[in-house]
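Here's the structure, in C-alpha cells; my notes come after.
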Ligand SMILES: [Zn+2]
C-alpha cells in the first residue's frame, strides 16, 4: 500500500514532516520512501519531546527529503536525520539552500547553549542534558542539500518525481508537486508548505519576495497549511501608521526599538523604512540593524534577485544593497552592538530575537524600556509565555538578565507583516484550482484553526476536507 504518514505539523504548527512510501512493482522499481519537509517541533514540551523520537522507517532507509523552505519548523530536524544515518539527497530551491546554510548551524548552536544552560542550572531530568544536535553536526548535514530550480522536474525513482512551484511565503519558499506512477495509474499530490500572501500589493505592502502562490493547480490529494485558518489579517496599509508612530517618537526625542526575526521580517522592515524615507514620509533618522544573522540574510537576499517583488526590485536598482545605504548601520560584532547603547539621539533599532526570548534585543530593551520617550514596536506574532508577549500585552515590568525592568516606553504593534495567507486569501487561492482534489488534508495549524478552515472550505467549495492527525496514515493508491 502506498501511503502518506503525518509525522509532524498535525495538531500543531511546528515539526512539519510527512512520510511518503510507495510500493515496489514488477518492473524492478523498488518504490520510494522519503520525507516532504523535515522540521523540528518547537513550543510546548509535549511536542518538543517528539524531536527525540526516531522516524517509523529508519533514517538510513529513507531515500530522499524534499524541502519546501528554510524555516526551522520545516528544516530543523535535518541534522538529526543525518545523525540517525540518513545519507540521501535533500532537494531544495537554491535560495532555501543558502538560507539553511545560516539557519541550521544557528539552530545547532542554540541546542548546545540550551543543553549547557540546563546542565548549569540542573533543570533537566536527563543528566547530563544533551543537545538534539550540535553546531558541527548541523554544518555536516548541509552537504546533502541539492539545488532544484523552480519548475524543473526532478526524478526521485522510476515511479516518482516532483517539481517546485512558488509558495510566495519567504525567500526560496516552494510548494511540492509530487507525481507517483504505479501500474499506469498516476497520482498527483500537492504539498503547500507555508503559503504566502496574495497578489494584491495593497493587502501585503512592502513584501520583499514576490506575492502570490502559483495559481491553477490540479492535484488528486492536497496537503495544505492552516496556520491562519480562523483569522483575518488587518487590510489597512501599515505604512501611514508606521510613519506616524516613528515621527511622534522622534519628536519626543526617543528611539523606536523593533524586535524582529533576523531572516525575512528584518529585511522586509528595512525595505519599508527606506521606501518611507525616500518618499519623505519619514525623517532620515539613523537605522541600526543589530544582528549578525540579519547581515548574512541580506547577503543571501542580494544573491536571489529572481525572487524580488516589484517594489524591492526598484529600490535595489536605485540604491543597491541595504548594507551600503547611508544612515543604515549593521552591527556584526559585540563591540558594534554595545556602541548602539551609547547612541542618545533618536534612532530606529532593529534586533532579534523576534519574541524577545534571547539575543541582542535584550540589551536594547533593558536600556530603553524604562524611558517613556521611546517606543517598542512589534511587527510579529508574540507567543504566550515570551517576554515579547508580556510587553505587548501591557505588562508593567519584565525580567531581563535577572533584573526587573519597568516598562515605561510606548508599546505599539502592527499586525500586517505576516508572511502567511489568512483565511480569505487561502480561499481566494483555492478558487483558482483547475479541478477539485479528491481529498484535502489540513496540516500546520492549531486544532481550532484547522477545524474551522475545514468547515469553511467544505461550505465554500464543497470539497472533501479532513484535519490531519499526528502519525495518521493515509492510503494514496
Ligand atoms: Zn515558514
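Numbering (my numbering), first residue to last: -15 to 461. Positions of the beta carbon are idealized from the N, C-alpha and C atoms, including for glycine.
task: Give me the Cβ distance between residue 66 and residue 18, rounded to the nearest whole Å; I'm assuming they're in contact under 8 Å.
output: Cβ-Cβ separation between residue 66 and residue 18: approximately 14 Å, too far for a contact (criterion under 8 Å).
query: In whole angstroms, what is the alpha-carbon distance linking residue 78 and residue 156?
result: Taken atom to atom, the span from the alpha-carbon of residue 78 to that of residue 156 is near 7 Å.
message: Residues in the same chain with beta-carbon distance under 6 Å from residue 471, minus the five sequence neighbours each way, listed in chain order, please.
response: Summary: the structure shown does not reach residue 471, with the chain confined to residues -15 through 461, and so no result is reported for it.
task: Return the bridge partner residues of residue 292 from the DSSP annotation.
output: Note: residue 292 sits in a beta bridge opposite 193.
query: Mind checking residue 33: buried by the 16 CB within 10 Å criterion, or exposed?
result: That one is exposed.
query: How is the beta strand (DSSP E) around residue 163 delimited, first residue to last?
result: Its beta strand (DSSP E) spans residues 158 to 166.
query: Roughly how many whole angstroms lie between the Cα atoms of residue 406 and residue 12?
result: Roughly 45 Å between the two C-alpha positions.
Three-state class that DSSP yields for residue 418 in the structure shown: Reduced to three states, the DSSP call for residue 418 is coil.
message: Which residue marks the beginning of the beta strand (DSSP E) containing residue 18, and which one marks its end?
response: Residue range 17 to 20 is occupied by the beta strand (DSSP E) that includes residue 18.
query: Would a C-beta distance cut-off of 8 Å place residue 129 and residue 81 closer than the cut-off?
result: Taking 8 Å as the cut-off, the Cβ atoms of residue 129 and residue 81 count as close.
query: DSSP state of residue 2, grouped into three classes?
result: Three-state DSSP puts residue 2 in a strand.
- request: Please find out if some non-hydrogen atom of ligand 1 comes closer than 7 Å to the beta-carbon of residue 98.
  value: Because no heavy atom of ligand 1 lies under 7 Å away, the Cβ of residue 98 does not count as near it: no.
query: With respect to 7 Å, is the separation between the Cβ of residue 55 and the closest non-hydrogen atom of ligand 1 below this value?
result: Inclusion of residue 55 in the 7 Å shell around ligand 1 follows from its C-beta lying nearer than that to a non-hydrogen atom of the ligand.
- prompt: Should residue 241 and residue 347 be called a contact, given that it needs their Cβ atoms to be closer than 8 Å?
  reply: No, the pair does not count as a contact, with Cβ atoms beyond the cut-off.
task: Assign residue 358 to one of two classes, buried (16 or more other C-beta atoms within 10 Å of its C-beta) or exposed (fewer than that).
output: Around the beta carbon of residue 358, 16 or more other beta carbons sit within 10 angstroms, so the residue counts as buried.
message: Across the stretch 120 to 134 and the stretch -14 to 1, are there enough close Cβ pairs to call them in contact, namely three or more that are closer than 8 Å?
response: Counting Cβ pairs under 8 Å, fewer than three are found: no touch.
- prompt: Is residue 332 near ligand 1, with its Cβ less than 7 Å from a heavy atom?
  reply: Every heavy atom of ligand 1 is 7 Å or more from the Cβ of residue 332, so no.
query: Straight-line CA distance for residue 219 to residue 279?
result: The alpha-carbon of residue 219 is positioned some 30 Å away from that of residue 279.
field: Any non-hydrogen atom of ligand 1 within 7 Å of residue 58 CB
entry: Yes, Cβ of residue 58 sits closer than 7 Å to a heavy atom of ligand 1.
field: CB contact flag (residue 188, residue 181, <8 Å)
entry: Contact: yes.
message: Strictly by DSSP, which residues pair up with residue 262?
response: Residue 262 is not bridged to any residue.
- request: From the DSSP output, read off the bridge partner residues of residue 459.
  value: Answer is -13.
message: Tell me the residue span of the beta strand (DSSP E) that contains residue 86.
response: Element bounds for residue 86: not the beta strand (DSSP E) but the alpha helix (DSSP H), 78 to 105.
task: Go to residue 394, then tell me how far its beta strand (DSSP E) extends in each direction, as first and last residue.
output: Taken as a continuous stretch (DSSP letters only), the beta strand (DSSP E) holding residue 394 covers 394 to 397.
Distance CB(residue 428)-CB(residue -7) smaller than 8 Å: Annotated as proximal: residue 428 and residue -7, with beta-carbon spacing under 8 Å.
- prompt: Taking contact to mean at least 3 C-beta pairs separated by less than 8 Å, is the stretch 263 to 281 in contact with the stretch 226 to 233?
  reply: Judged by Cβ distances under 8 Å, the stretch 263 to 281 makes contact with the stretch 226 to 233, as three or more pairs qualify.
Opposing strand residues paired with residue 198 [DSSP bridges]: DSSP output for residue 198 lists no bridge partner at all.
- request: State the DSSP-derived secondary structure class of residue 145, mapped to helix, strand or coil.
  value: In the three-state scheme derived from DSSP, where H, G and I count as helix and E and B as strand, residue 145 is classed as strand.
query: Is residue 248 helix, strand or coil when you go by DSSP?
result: DSSP places residue 248 in coil when its eight states are reduced to three.
task: Tell whether a beta-carbon distance below 8 Å holds between residue 143 and residue 164.
output: With a cutoff of 8 Å on beta-carbon distance, residue 143 and residue 164 are scored as near each other.
task: Could you check what DSSP says for residue 314 in three-state terms: helix, strand or coil?
output: Reduced to three states, the DSSP call for residue 314 is strand.
message: With DSSP as the reference, identify every bridge partner of residue 381, one or two as the case may be.
response: Residue pairing for residue 381: DSSP places it in a beta bridge opposite 390.
query: Just the Cα atoms here: how many angstroms apart are residue 286 and residue 14?
result: Taking the straight line joining both Cα atoms gives about 42 Å.
task: Would you decide whether residue 252 is buried or exposed? Buried here means 16 or more other CB atoms lie within 10 Å of its CB.
output: Per the 10 Å Cβ criterion, buried.
message: Could you check if residue 178 belongs to the surroundings of ligand 1, using beta carbon to heavy atom distance under 7 Å?
response: At least one heavy atom of ligand 1 is nearer than 7 Å to the Cβ of residue 178, so yes.
query: Beta-carbon separation of residue 338 and residue 245 under 8 Å?
result: Cβ atoms of residue 338 and residue 245: closer than 8 Å.
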